[in-house]
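**Student:** The structure follows.
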Amino acid sequence: MMKSTAHSKEKHNITSLFFYLTFITIAILFCFHLLYNNNNAYVVEYANIVRDHINPNNTTTFIQPRKDSQKACELSEGRWISDRRGSLYTNYSCRTIPFMRNCFLHGRKDTDFLHWRWKPDQCDLPRFSPDNFLTSLTGKTMAFIGDSLSRNQMESLLCLLSTKETPIQTEKDQDDRFVTWEFPKHNFTLMALWSQFLVTATERLVNG
1 MMKSTAHSKE KHNITSLFFY LTFITIAILF CFHLLYNNNN AYVVEYANIV RDHINPNNTT
61 TFIQPRKDSQ KACELSEGRW ISDRRGSLYT NYSCRTIPFM RNCFLHGRKD TDFLHWRWKP
121 DQCDLPRFSP DNFLTSLTGK TMAFIGDSLS RNQMESLLCL LSTKETPIQT EKDQDDRFVT
181 WEFPKHNFTL MALWSQFLVT ATERLVNG
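Under full-length UniProt numbering, the first residue of the sequence shown is numbered 1, with each subsequent residue one higher.
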């Protein structure tokens, strides 16, 4: 009976490991496809990319796949620089920030940490555009899987996107570990899935 139970647990652990690794691999490939489209990225300006969603009188900056004649830009190599424009949202303007994690409502006074942006060494990143993001991911689902760090990233993206469309929370479990938000106008779904570890491991007893 004990052998049967141990075998069942081992089989369950292998199945769970396979599921997590498969999901993580798909998520990584999806992100690389969005950012680079299988190529390195560089910054270019052009207008009227999506006429139905972007004002034709505006010139919009995008990250585009580089051509062979263009120099590659390594986005992960750079530094934080001061940006007095600040964030697109505040703790007061974003209504989706959980009360317990809204530091300004709990007395935080300094705001200097909001006025920074990432500057790659080899190029300039365009300012984040909620319009372009939602347009690019129309009809798709994005999930943040991990612990509190992943959850914070999801909530920040949610605030950025809510400046253009009000999201609707469609799912939330009792422990607030699994949350789903919908953007109906773009048919876009944003999810947070709590996972403290990438894999779950158990110690196997031999002859024990």
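The beta-carbon is built from N, C-alpha and C at its ideal position, and this holds for glycine as well. Note that the coordinates shown come from a computational prediction; the quantities given were computed from them, not determined experimentally.
DSSP three-state call for GLN153: helix, strand or coil?
**Tutor:** In the structure shown, GLN153 sits in a helix (DSSP, three-state: H, G or I).
**Student:** Would you grab the beta carbon distance between SER195 and ILE145 for me? Rounded to a whole angstrom, and I think it's under 8 Å.
**Tutor:** Yes, SER195 and ILE145 are in contact; Cβ-Cβ is about 5 Å, under 8 Å.
**Student:** Please classify HIS115 as buried or exposed, where buried requires at least 16 other C-beta atoms within 10 Å of its C-beta.
**Tutor:** Looking at its Cβ environment, which holds fewer than 16 other Cβ atoms inside 10 Å, HIS115 is exposed.
**Student:** Could you tell me if TYR92 is buried or exposed, where buried requires 16 or more neighbouring beta carbons within 10 angstroms of its beta carbon?
**Tutor:** TYR92 should be labelled exposed.
**Student:** Quick one: grab the DSSP three-state call for ARG101.
**Tutor:** Helix at ARG101.
**Student:** Applying the criterion that 16 or more other CB atoms from any shown protein chain within 10 Å of the CB defines a buried residue, is TRP118 buried or exposed?
**Tutor:** Classification of TRP118: exposed, given that the 10 Å Cβ count is below 16.
**Student:** How long is the line joining the alpha carbons of PHE128 and TRP80, rounded to whole angstroms?
**Tutor:** Taking the straight line joining both Cα atoms gives about 15 Å.
**Student:** What runs of the beta strand (DSSP E), each 3 residues or longer, lie entirely inside the UniProt domain "Trichome birefringence-like C-terminal" (125-204)?
**Tutor:** Qualifying beta strand (DSSP E) stretches, in chain order: 141-146, 168-172, 178-183, 188-194.
**Student:** Quick one: is CYS159 buried, meaning 16 or more other Cβ sit within 10 Å of its Cβ, or exposed?
**Tutor:** When all chains shown are included, CYS159 counts as buried.
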